[in-house]
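*Asks:* Please see the structure below; I have some questions.
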Amino acid sequence: MDLAMAQRLVDRRKAAGLSQEALAAQLGVSRQAVSKWERSESSPDTDNLIALAALYDVSLDELLYGEAANDADDLEDGSADTETADVADEAEDSAEHADCGDKPLVDISLARGIHVIDPNKGEEVHVGWSGIHVTNERKGEEVHVGPDGVHIDTLEDDGHSVRTNDDGTVTIDGETFSSWKEAHDKLDHHGKHFHTKVGRAWNKFPFPALVTLAYLVLGIVYGTWGMGLFLVFLVPVYYAIGDFIDRRHLSKLIEAIYSAAAIAWFLYMWLCLGQPHPAWIILITIPVIKALMRWCRKQWKHRKQA
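Start counting the sequence shown at 207; every next residue gets the next number (our numbering).
Here it is in structure tokens:
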């Protein structure tokens, strides 16, 4: 969030006679969150922006950009020039084409472009002179396409960040490549970086196709169509071994193999032997093993940093 918007939030709050604590209580957020907004350290989410606009009795566009208020003041003082007046008229005329019921969430103008916020889905779209900007706060996704290049961010823990740079390079998850070709050579289609040639070759091998072929052979030759389905559990095990070869993460290897083996054993007991009880208890141990392996990784990381 820029400093101008942060200052507008401060001014609006003071004009409403509210302290940070009082505003936080009305919005259902912490005082620290309000303080960060007003220091431009973070931005309110879509729901809070709408609540702030309603609380201060201003349009969402005025809260975000401050232009509506400035235009109104200029017109009252008689100091607005012809160009500003024309832009205001253009915005007013174009807004007539928007759904009146969505007026607080939609702004269409020649100067600012098209700005749409859907609070129900947590989505925001802005199409203007600077390019196209799309965000989905609930999914933690952000995409920008404009004269300054392409920026893609997925903000979850296992997400990725992709940016094109002015010098023609590409930055993916903080690592810069000289070209898209170099990035393609070093990353797989999930954005996973390979540390060794063996790991890359292992993960590039079409193992799922081999499993499918083996399943068809077993089914046609031996008629084991049902039992042959258990071959599918070899796929996650295969890629877990490849990840171990490439990264040497023993905890992730144990986590993947245990999960696949536990699910396969339960299905065998249930579908083949008709004994789902008490075989289902093995499924409860999967999250326990996953949590234990994550704890081991954190402890190992802290040891390396120390």
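No residue lacks a Cβ here, since even glycine has one placed at the ideal position from N, Cα and C. Every value quoted in this text rests on a predicted model; they were computed, and no experiment measured them.
#1: Quick one: measure Cβ to Cβ for Ser-457 and Cys-502, integer angstroms, because I've assumed they're closer than 8 Å.
#2: Would you check if there are 3 or more beta carbon pairs closer than 8 Å linking the region 426-433 to the region 380-387?
#3: Nearest to Ser-367 by alpha carbon, out of Leu-422, His-357 and Val-441?
#4: Using three-state DSSP, classify Arg-513 as helix, strand or coil.
#5: Name, in chain order, the residues that DSSP records as bridge partners for His-508.
#6: Using the rule of at least 16 other Cβ atoms within 10 Å of the residue's Cβ for burial, across every protein chain shown, is His-332 buried or exposed?
#7: With which residues is Val-351 paired in a DSSP beta bridge?
#8: Compare the C-alpha of Leu-437 against each of Leu-419, Ile-426 and Ile-451 and name the closest.
#9: What is the rounded straight-line gap between the Cα of Gly-351 and the Cα of Gly-272?
#10: Please report the straight-line C-alpha distance between Arg-318 and Ala-228, rounded to a whole angstrom.
#11: Is Val-519 helix, strand or coil by DSSP?
#12: Taking 8 Å as the cut-off, decide whether the C-beta atoms of Val-441 and Val-417 are in contact.
#13: In its own chain, which residues sit with a C-beta less than 6 Å from the C-beta of Val-349, not counting the 5 before and 5 after it?
#14: Could you tell me the boundaries of the alpha helix (DSSP H) in which Glu-268 lies?
#15: Which one of Met-499, Phe-450 and Asn-326 has the shortest CA to CA distance from Ile-256?
#16: Please go through the same chain and pick out, in chain order, the residues whose beta-carbon is closer than 6 Å to the beta-carbon of Asp-308, but skip the five residues on each side of it.
#17: Inspect the beta-carbon positions of Ala-470 and Phe-439 and report whether they are closer than 8 Å.
#18: Within 10 angstroms of its Cβ, does Val-376 collect 16 or more other Cβ (buried), or is it exposed?
#19: Bridge partners for Gly-319 per DSSP, in chain order?
#20: Do Glu-461 and Lys-507 have their C-beta atoms within less than 8 Å of each other?
#21: By DSSP, does Asp-324 sit in helix, in strand, or in coil?
#22: Could you pull the start and end residues of the beta strand (DSSP E) that Arg-369 belongs to?
#23: Tell me which residues share the same chain as Lys-510 and place their Cβ nearer than 8 Å to its Cβ, disregarding the 5 neighbours each side in the sequence.
#24: Among Tyr-421, Pro-412 and Thr-402, which has the Cα closest to the Cα of Asp-449?
*Replies:* For this structure:
#1: 5 Å
#2: no
#3: Among Leu-422, His-357 and Val-441, the Cα nearest to that of Ser-367 belongs to His-357.
#4: With the chain running from 207 to 512 in the structure shown, residue 513 is simply not present.
#5: DSSP lists no partner for His-508.
#6: buried
#7: Ile-338 and Val-356
#8: Leu-419
#9: It is Val, not Gly, that sits at residue 351 in the sequence shown. One C-alpha to the other measures close to 25 Å.
#10: Their Cα atoms are separated by approximately 33 Å.
#11: Residue 519 cannot be examined here, being either before or after the span of the chain that is shown, 207 to 512.
#12: yes
#13: Apart from sequence neighbours up to five positions away, the residues of its chain that approach Val-349 with a beta-carbon distance below 6 Å are Val-340 and Ile-358, ordered along the chain.
#14: 266-271
#15: Asn-326
#16: Bear in mind that a pLDDT of 43 at Asp-308, under 50, signals an unreliable position, so the number given afterwards is only what the model happens to contain. Counting only Cβ-Cβ distances below 6 Å, and skipping sequence neighbours, we find nothing.
#17: yes
#18: buried
#19: Ser-315
#20: Cβ distance not < 8 Å, so Glu-461 and Lys-507 don't count as in contact.
#21: strand
#22: 367-370
#23: none
#24: Thr-402
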